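Quick note, the sequence shown lines up with residues 357 to 788 if you use the working numbering. From the three backbone atoms N, C-alpha and C, an ideal C-beta is built for every residue, glycine too. Since this is a predicted model, take the numbers as computed values, not measurements. These notes concern the structure reproduced below.
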Amino acid sequence: MESIVDLFIGNIIHCDQPFTVTVIQKGFVAVQRNKIIAVGHSSELQNRFTSENVRKTLLSDSQILIPGLIDTHIHACQYPNIGVGMNKPLLQWLKDHTYPLEKKFKDAQFSKRCYDAVVKKTLSYGTTTAAYFGSIYTDSTLILADSAIRLGQRALVGKVNLTKNGPADYIETSEESLRETRRFINEMSKKNSELVKPIITPRFAVSVTKEDLKALGEMAKEFNLPIQAHMNETIDGIKQLESRPGDVHKNFTHTHEILTEKSLFAHCVHMTKEEIQKLADSGSAIAHCPDSNFNLLSGICDVRAFIEAGVKVGLGTDVSAGCSLSIMNAMRYAITASTALSFSKKGYKPLNYFDAFYLATLGGAKALSMDDKIGNFEVGKEFDALIVDLDVQNGPVDIFGEHTALELFQKFIFTGDDRNVTAVYVAGNKVK
Ligand SMILES: [Zn+2]
């Protein structure tokens, strides 16, 4: 017997091209197993999918179907601190709040409790894919991967490398860090998950030696893995690098082993034109985390400059420097940050909600080098999607009368929260 075709019928919204939002009013998406097999207007449904193996989901007038949201930068082990230590600069915040918390992840039970909560909560906000930083502990970070696998989220999971400039009781030797990273990759491959994969994760340029960085770049090449790190987040962090003449890697743009077409750098708030060009030339991406950049007083990233240079850009919550697990929140902050920049730059075109939605979906998929699989409703891609309903009981807003699909979409971006995300699908599986 042929496998069931799931037909989602209603208003469909996605970016079928970069920075272009397409609205299909009274449309449909057909899904078989985990993949999208057809997309179109419901008038094209006549004489198609007529067999009894069709299961229909009819969206109401207050609902829209959109692709799953993508968080390109989140520290799962910082979730217990969310909302704490805001308005402290990065280096102070790390010392006072973040490193003391991350040490607790030596404990397997604490890890499981926290990681299950993070994955459940991000899924409930509609994050179908996340690029996670774990801690320096391999076994604990494998627990994070298990949480994502068990709860059905698509994820890249990284064991953090920290061999320099960390606290005395939260640091590794270079030998240990490289050995444990290799063990992490091997243990991840034994899990044989289609959805959850490892990612090489040197924390900052100052937190590993030049030799570690090269070795990690080579390991990424050996296993064909992506790389994630932070780059040029704060002026103080850059000064810290400049004050160490031995650190010729200055920042990641000086270490070509780390600059790959599968590399993703969070923040990039303070970049020279040459550094931006290096990212573009290498095919690397940035994770724009505007909420975090405000909270830690880091500055405002000029996303437009990266887009114009041809750098791939996704959005990140950067929990817990960002104080929300929601990519809807990241979209709003991206618009606000860009608008704030436009006040002091004549002729500057700030990001609008179409741009923000692109960054949260197809842009994020490109940043994670997953746009062959996810990011929009292109035929052949896997079905990662949300049913969004603006008219829910006890929702964040009330609905008075009818709205067009585009108005519902705007309302979701500017006022929505997890209560509006009424169903979440990852690779065709309903996970909320
Ligand atoms: Zn971060």
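message: Check this for me: beta carbons of residue 578 and residue 623, under 7 Å apart or not?
response: Indexing the sequence shown from 1 puts residue 578 at position 222. Indexing the sequence shown from 1 puts residue 623 at position 267. Going by C-beta atoms, residue 578 is not nearer than 7 Å to residue 623.
- prompt: Can you find a heavy atom of ligand 1 that lies under 6 Å from the Cβ of residue 674?
  reply: Position 318 of the sequence shown holds residue 674. Answer for residue 674: yes, Cβ within range of ligand 1.
Nearest candidate by alpha-carbon position, reference residue 658, set 679, 673 and 697: Taking the first residue of the sequence shown as position 1, residue 658 is located at position 302. Comparing Cα positions, the closest option is 697.
query: Hey, would you say the C-beta of residue 723 is under 6 Å away from at least one heavy atom of ligand 1?
result: Your numbering for residue 723 matches position 367 in the sequence shown. No; taking the cut-off as 6 Å, the Cβ of residue 723 has no heavy atom of ligand 1 nearer than that.
field: When 503, 571 and 413 are compared against residue 464, the one with the closest alpha-carbon
entry: In the sequence shown, counting from the first residue as 1, residue 464 sits at position 108. Among 503, 571 and 413, the Cα nearest to that of residue 464 belongs to 503.
- request: Can you tell me which of the three DSSP states residue 679 falls into?
  value: On the sequence shown, position 323 is the one that residue 679 refers to. Residue 679 falls in the coil class under three-state DSSP.
- prompt: Taking 6 Å as the cut-off, is the CB of residue 511 close to at least one heavy atom of ligand 1?
  reply: Taking the sequence shown and counting its residues from 1, the one referred to as residue 511 is at position 155. False, no ligand heavy atom lies under 6 Å from that Cβ.
- request: Would you kindly work out how many angstroms separate the C-alpha atoms of residue 490 and residue 400, rounded to a whole number?
  value: Here the question's residue 490 lines up with position 134 in the sequence shown. Here the question's residue 400 lines up with position 44 in the sequence shown. Each residue's alpha carbon lies about 46 Å from the other.
field: Three-state secondary structure (DSSP) of residue 520
entry: Taking the first residue of the sequence shown as 1, we reach residue 520 at position 164. Shown here, residue 520 sits in coil according to DSSP, grouped into three states, outside any helix or strand.
7 Å Cβ cutoff met for residue 425 and residue 514: Position 69 of the sequence shown, counted from the first residue, corresponds to residue 425. Position 158 of the sequence shown, counted from the first residue, corresponds to residue 514. Not a contact, by the Cβ cut-off of 7 Å.
query: Where are the alpha helix (DSSP H) runs, 4 residues long or more, that stay fully inside the stretch 510-586, in chain order?
result: Under the rule that a run must span 4 or more residues, the alpha helix (DSSP H) segments found entirely inside the stretch 510-586 read 530-547 and 566-579.
query: Just to confirm, does residue 622 get its C-beta within under 6 Å of one of the non-hydrogen atoms of ligand 1?
result: Position 266 of the sequence shown holds residue 622. Yes, the beta carbon of residue 622 sits closer than 6 Å to at least one heavy atom of ligand 1.
- request: Would you list the one or two residues that DSSP bridges to residue 414?
  value: Counting from one through the sequence shown, the residue named residue 414 turns up at place 58. 365, per the DSSP bridge assignment.
- request: Enumerate in chain order the residues of its own chain whose CB-to-CB distance from residue 655 is below 8 Å, with the five nearest sequence positions on each side excluded.
  value: If you number the sequence shown from 1, residue 655 lands on position 299. Counting only residues of its own chain and dropping the five nearest sequence neighbours on each side, residue 655 has a CB closer than 8 Å to the CB of 590, 591, 625, 626 and 649.
query: Between which two residues does the beta strand (DSSP E) containing residue 746 stretch?
result: As a working note, residue 746 is residue 390 in the sequence shown. Where residue 746 is concerned, there is no enclosing beta strand (DSSP E), given that its DSSP letter is neither H nor E.
query: Tell me which same chain residues have a C-beta within less than 6 Å of the C-beta of residue 706, skipping the five on either side of it?
result: Taking the first residue of the sequence shown as position 1, residue 706 is located at position 350. Excluding residues within five positions, the ones whose Cβ falls inside 6 Å are 694, 695 and 698.
message: Applying the 10 Å Cβ sphere with the 16-neighbour rule, what's the burial state of residue 553?
response: For this step, residue 553 is matched to residue 197 along the sequence shown. If you draw a 10 Å sphere on the C-beta of residue 553, you find 16 or more other C-beta atoms in it, and that means buried.
- prompt: For residue 730, which residues of its own chain have a beta-carbon under 8 Å away from its beta-carbon, when the five flanking residues on both sides are left out?
  reply: Your numbering for residue 730 matches position 374 in the sequence shown. Answer for residue 730: 423, 424, 426, 484, 485, 510, 721, 737, 738 and 740, listed in chain order.
Whole-angstrom C-beta distance between residue 671 and residue 684, which should lie under 8 Å: Taking the sequence shown and counting its residues from 1, the one referred to as residue 684 is at position 328. Taking the sequence shown and counting its residues from 1, the one referred to as residue 671 is at position 315. Beta-carbon to beta-carbon, residue 684 and residue 671 are separated by about 10 Å, too far to satisfy the 8 Å threshold.
message: Give me, in chain order, the residues of the same chain whose beta-carbon lies closer than 8 Å to that of residue 518; leave out the 5 immediate sequence neighbours on both sides.
response: What you label residue 518 is simply residue 162 of the sequence shown in a count that begins at 1. Closer than 8 Å at Cβ, skipping near neighbours: 492, 526, 527, 528, 533, 559, 563 and 564.
- request: Express the C-alpha separation of residue 636 and residue 669 in angstroms, rounding to a whole number.
  value: As a working mapping, residue 669 is identified with position 313 in the sequence shown. As a working mapping, residue 636 is identified with position 280 in the sequence shown. Answer to the nearest angstrom: the Cα atoms are 11 Å apart.
- prompt: Thinking C-beta only, is residue 712 closer than 7 Å to residue 743?
  reply: If you number the sequence shown from 1, residue 743 lands on position 387. If you number the sequence shown from 1, residue 712 lands on position 356. No; because the gap between Cβ atoms is not below 7 Å, this pair is not in contact.
message: Measuring CB atoms only, is the stretch 744-757 touching the stretch 768-785, in the sense that at least three cross pairs come out at less than 8 Å?
response: Yes, the stretch 744-757 is in contact with the stretch 768-785.
message: Measuring straight from C-alpha to C-alpha, what distance separates residue 758 and residue 416?
response: Along the sequence shown, one-based indexing puts residue 758 at 402. Along the sequence shown, one-based indexing puts residue 416 at 60. For residue 758 and residue 416, the distance between alpha carbons rounds to 11 Å.
message: Measuring only the C-alpha atoms, how far is residue 385 from residue 569?
response: For the purposes of this step, residue 385 is taken as the residue at position 29 of the sequence shown. For the purposes of this step, residue 569 is taken as the residue at position 213 of the sequence shown. The straight-line gap separating the alpha-carbon atoms of residue 385 and residue 569 is approximately 44 Å.
message: According to DSSP, simplified to helix, strand and coil, what is residue 758?
response: Mapped onto the sequence shown, residue 758 falls at position 402. Residue state for residue 758 is assigned as coil, using DSSP reduced to three classes.
- prompt: Under the three-state reduction of DSSP, which class applies to residue 488: helix, strand or coil?
  reply: Taking the sequence shown and counting its residues from 1, one reaches residue 488 at position 132. In this structure, residue 488 counts as strand in the three-state DSSP scheme.
message: Taking the alpha-carbon of residue 682 as reference, which of 430, 421 and 360 has the nearest alpha-carbon?
response: If you number the sequence shown from 1, residue 682 lands on position 326. The shortest Cα separation from residue 682 among 430, 421 and 360 belongs to 430.
query: When the Cα of residue 619 is compared with those of 633, 643, 630 and 629, which residue comes out closest?
result: Taking the first residue of the sequence shown as position 1, residue 619 is located at position 263. Selected option, being the one with the closest Cα: 643.
task: Tell me whether residue 785 sits in a helix, a strand or coil according to DSSP, three-state version.
output: Here the question's residue 785 lines up with position 429 in the sequence shown. Residue 785 sits in a strand when the DSSP states are folded into three classes.
task: Express the C-alpha separation of residue 585 and residue 543 in angstroms, rounding to a whole number.
output: Taking the first residue of the sequence shown as 1, we reach residue 543 at position 187. Taking the first residue of the sequence shown as 1, we reach residue 585 at position 229. If I take the Cα positions, the gap works out to 22 Å.
field: Minimum C-alpha distance to residue 408 - residue among 634, 362 and 374
entry: In the sequence shown, residue 408 corresponds to position 52, counting from 1. Per the Cα distances, 362.
query: How many Å lie between residue 557 and residue 516 at the Cα?
result: Here residue 557 refers to the residue found at position 201 of the sequence shown. Here residue 516 refers to the residue found at position 160 of the sequence shown. Taking the straight line from one Cα to the other gives about 5 Å.
task: Using three-state DSSP, classify residue 671 as helix, strand or coil.
output: Position 315 of the sequence shown holds residue 671. Taken through DSSP and simplified to helix, strand or coil, residue 671 comes out as strand.
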